[in-house]
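The opening residue of the sequence shown carries number 2 in this note's numbering; numbering runs sequentially from there. Notes follow the structure.
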Amino acid sequence: MNLEELIEKVASGEIKLHQVEKYAGSKRLATEIRRKALEKKLGISLKNIGHYSIDPEEVIGRNIENMIGVVQIPMGVAGPLKINGEYAKGEFYIPLATTEGALVASVNRGCSALTAAGGVKTTIIDDKMTRAPLLKCPDARRAREVAQWVEKNLEYLQEKAVSKVTRHGKLRGVKPYIVGNNLYLRFEFETGDAMGMNMVTIASEEIMKVIEEHFPDVKYLALSGNLCVDKKPNAMNFINGRGKTVIAEAIIPREIVEKKLKTTPELIAEVNYRKNLVGSAQAGSYGFNAHFGNIVGAIFLATGQDEAQITEGSHGITLAEVTPEGDLYISITMPSLEIGTVGGGTRVPTQREALSIMGVAGGGEPAGTNAKKFAEIVAGAVLAGELSLLAAIAAKHLAKAHKELGR
């Protein structure tokens, strides 16, 4: 078949979208055929979707199916932001992919104030990726017996199951939850520089095979019992954490607050209390913050993270108070920042370049250090965004900024 015949057959449905590669001979040509077939069928032009530098041969089958092109999102950069972390040390520029006017400018202003104040102190409290398979047991007592056996045999499960399918993943703990005759095993893994969701999913399935061998009367029902918890707002991750649990904090002298942010420490602290804490409590929110999701989302899109996990990344608490010296103390706590610098979308060339802006592309030495460095940079950027927005609200500049930059 020639190209026009292929396009016609795809447009008519004679050849399914997922079958095009078989006839096209290359993934790049298959991408073009699908796009042109869609144009023909719908009577539209997809000219801009068809302009890209990403190689379909690299991403189809790894990052995307039925590819027709790309969607382009403007990317800006905020910074420099000085970070005094355990892994991120120095000044960093933060890539932000967004179509929301004023966001990059706002984060940039926060970076300026924080850097002038001496920088952001970042601390990683915990680091784990979780998966919680579901087992159906004869009764609750048997569920307890299985849970106790698993808790006592983590090293055995690491050797017999986890190490068979991954060199990088390490089973470090489990928290069982029993509901009637249902046993949920919330496994915790170390995953190096990978976000690790695929890694722990495959490892957890191997663990289930071992458990079924030891307990023939127990039935493995679901690889995810929804206590992981992945890609959903939830109290579990808000309280116990998932991915990186990281805190960023800074003390900003009064004169910097007044000069750069056009307000006072007292007003920022009051706005934060009444908006982020009381307002969020009244709303029943899992995010006691102004807009974590804005910054997390823009960084995730820029760097190839799993965009659905912006949900858990928007969990967290912003605190602000006036110090005895009259300066502003501000902090953000992010309990479930699920990120990586290898695997998934991080291997796409444009996203890898964005990671390289921060010096975190690829694996770290030793393993895991790049992902931790990245987490500290993200937390610093979130703090910058929170500071800037709270200051804009306190100074009543929010609407003005959106009139000038976001319309």
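Cβ coordinates follow ideal geometry from the N, Cα and C atoms, glycine included. The model shown is predicted, which means the values in this text are computed figures rather than measured ones.
Asked, Found
"Residue 103, DSSP secondary structure in three states", "coil"
"CB contact below 9 Å: residue 340 versus chain C", "Of the protein chains in the structure, only one exists, and it is not chain C."
"Neighbourhood of residue 349 by C-beta distance below 7 Å, restricted to the same chain and skipping five residues each side", "55, 60, 64, 305"
"Burial state of residue 218, where buried means 16 or more other Cβ atoms lie within 10 Å", "exposed"
"Bridge partner(s) assigned by DSSP for residue 177", "186"
"DSSP beta-bridge partners of residue 129", "244"
"Cβ contact (3+ pairs, closer than 8 Å) linking the region 373–388 and the region 248–265", "yes"
"CA nearest to the CA of residue 352, picked from 238, 52, 74, 223", "74"
"Own chain partners of residue 322 with C-beta closer than 7 Å, once the 5 adjacent residues on each side are dropped", "270, 330"
"Beta-carbon proximity check, residue 204 vs residue 175, cutoff 9 Å", "no"
"Pick from 27, 68, 62, 57 that is closest to residue 47, judged by C-alpha positions", "68"
"Reference residue 213; option with closest CA among 150, 274, 236, 226", "150"
"Best match in 215, 315, 98, 189 for proximity to residue 443 [C-alpha to C-alpha]", "Look at the range of the chain in this structure, 2 to 408, and you will see that residue 443 is not part of it."
"Cβ contact (3+ pairs, closer than 8 Å) linking the region 220–240 and the region 364–371", "no"
"Element boundaries [beta strand (DSSP E), containing residue 365]", "Note, residue 365: premise wrong, no beta strand (DSSP E); not H, not E."
"Cβ shell of residue 320 (< 6 Å), same chain only, five flanking positions each side left out", "332"
"With 16 other Cβ atoms within 10 Å as the buried cut-off, status of residue 288", "buried"
"Buried or exposed (CB count within 10 angstroms, at least 16 for buried), residue 310", "buried"
"Any 3 or more C-beta pairs closer than 8 Å across the region 183–192 and the region 76–94", "no"
"Residues near residue 211 in its chain [Cβ-Cβ closer than 7 Å; skip 5 each side]", "158, 161, 162"
"Assumed close pair residue 337, residue 242 - CB separation to whole angstroms, cut-off 8 Å", "6 Å"
"Where residue 2 falls, given that 16 or more other Cβ within 10 Å makes a residue buried", "exposed"
"Through-space distance from residue 342 to residue 276, alpha-carbon basis", "34 Å"
"Reference residue 307, options 232, 181, 78, closest by Cα", "232"
"Cβ neighbours of residue 244 in the same chain (closer than 6 Å, five flanking residues each side left out)", "337, 338, 339"
"Spatial distance of residue 50 from residue 199 (CA atoms)", "29 Å"
"Top-ranked residue by Cα proximity to residue 261, from 132, 272, 221, 109", "109"
"Contact check, residue 221 vs residue 155, beta carbons under 9 Å", "no"
"Which of helix, strand or coil DSSP assigns to residue 331", "strand"
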